[in-house]
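Residue numbers (this note's numbering), protein chains in the order written: chain C, 8 to 122; chain R, 249 to 361.
What follows is the structure in structure tokens.
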């Protein structure tokens with residue numbers, strides 16, 4: 008069974024540009040969450056999508072957005088990039104739903120560097 | 249406001265001995281807890297989880313203990329192996345239907361051969 012796949016693995020962008028990151032969850036998983044990891048702030052929740060709807064959102068500016076497609080694949084977009092957006096962006100998928108606690112499995116992440 | 253805390257940034261343990269990693273939380277709405285292991289520039293790897301209705305969960309060398317009254321959980325690794333050297337994160341979640349994880353700041357575990 009394939010794991011969570013994130014593309015690209017590495018990205019270098021210039022300040023002011025925008026970027027789109029992609030995440031393919033584990034087959035059958037309906038929930039996709041995004042996290043940002045930085046040395047200073049640790050792992051911070053960005054947002055969660057379930058059945059194409061944003062179900063939860065973290066405390067990030069509106070420059071950070073996302074969406075989920077009918078096949079559960081998800082993308083996140085960051086517009087008007089700032090130097091502080093340099094981070095490891097992680098996607099997690101989980102089975103979710105059904106009132107049961109389920110584990111979240113993470114992809115390898117996308118390392119974004121803003122110069 | 250750090251709702252999940254791992255107060256030990258680092259821990260060194262002799263190979264073969266027990267490693268004990270600790271985690272405290274403040275939000276009483278958290279009802280599901282997970283431990284992840286992470287290498288640099290990679291995604292976290294799920295290790296073990298525990299629901300708030302239990303006080304212990306075991307999986308091979310890994311055991312997680314939950315003390316709800318103290319809002320404290322711990323991960324025990326026995327016996328510790330060199331491959332266990334990594335950063336360990338505890339994470340917490342509240343309510344069904346909400347997949348948001350709140351992470352601790354991590355503990356770097358080093359296993360000394």
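Glycine included, every Cβ here is placed at the ideal spot set by N, Cα and C.
For clarity, every value in this text was computed on a predicted model and none was experimentally measured.
Query: Residue 85 of chain C vs residue 76 of chain C beta-carbon contact at 8 Å; Result: no
Query: Chain-ordered neighbours of residue 256 of chain R on chain C, where CB pairs are closer than 8 Å; Result: Within 8 Å Cβ-Cβ: nothing; residue 256 of chain R doesn't reach chain C, min ~15 Å.
Query: For residue 74 of chain C and residue 80 of chain C, the rounded distance between their alpha carbons; Result: 9 Å
Query: Any C-beta of chain C under 8 Å from that of residue 308 of chain R; Result: no
Query: Secondary structure, beta strand (DSSP E): runs of 3+ residues fully inside the region 289–349 of chain R; Result: 293–299, 304–307, 310–315, 320–325 and 334–342
Query: Environment of residue 307 of chain R [buried if 16+ CB atoms lie within 10 Å]; Result: exposed
Query: For residue 26 of chain C, the first and last residue of its enclosing beta strand (DSSP E); Result: 26–31
Query: Segment limits, beta strand (DSSP E) that includes residue 50 of chain C; Result: 49–57
Query: Stretch pair the region 252–261 of chain R + the region 282–292 of chain R: three plus CB contacts closer than 8 Å; Result: no
Query: Contact set between residue 82 of chain C and chain R, taken where Cβ atoms lie within less than 8 Å; Result: Ordered by position in chain R, no residue passes the 8 Å Cβ test against residue 82 of chain C, which lies about 17 Å from the chain.
Query: Buried versus exposed, by CB contacts within 10 Å (16 or more), residue 90 of chain C; Result: exposed
Query: Segment contact, 8 Å Cβ cut-off, at least three pairs: the region 327–340 of chain R with the region 263–274 of chain R; Result: yes
Query: Residue 91 of chain C at chain R interface by Cβ criterion, 8 Å; Result: no
Query: Residue-level contact to chain R via CB, residue 22 of chain C, 8 Å cutoff; Result: no
Query: 8 Å Cβ cutoff, residue 61 of chain C in contact with chain R; Result: no
Query: CB contact below 8 Å: residue 58 of chain C versus chain R; Result: no
Query: Minimum C-alpha distance to residue 78 of chain C - residue among C:99, C:45, C:68 and C:38; Result: C:38
Query: Closest Cα partner of residue 314 of chain R within the set R:282, R:354 and R:291; Result: R:282
Query: Same chain, Cβ closer than 6 Å to residue 20 of chain C, neighbours up to 5 away in sequence not counted; Result: 26, 88 and 121
Query: As assigned by DSSP and simplified to three states, the class of residue 272 of chain R; Result: strand
Query: Residue 59 of chain C classed as buried or exposed, judged by whether at least 16 other C-beta atoms fall within 10 angstroms; Result: exposed
Query: Any chain R beta carbon closer than 8 Å to residue 74 of chain C; Result: no
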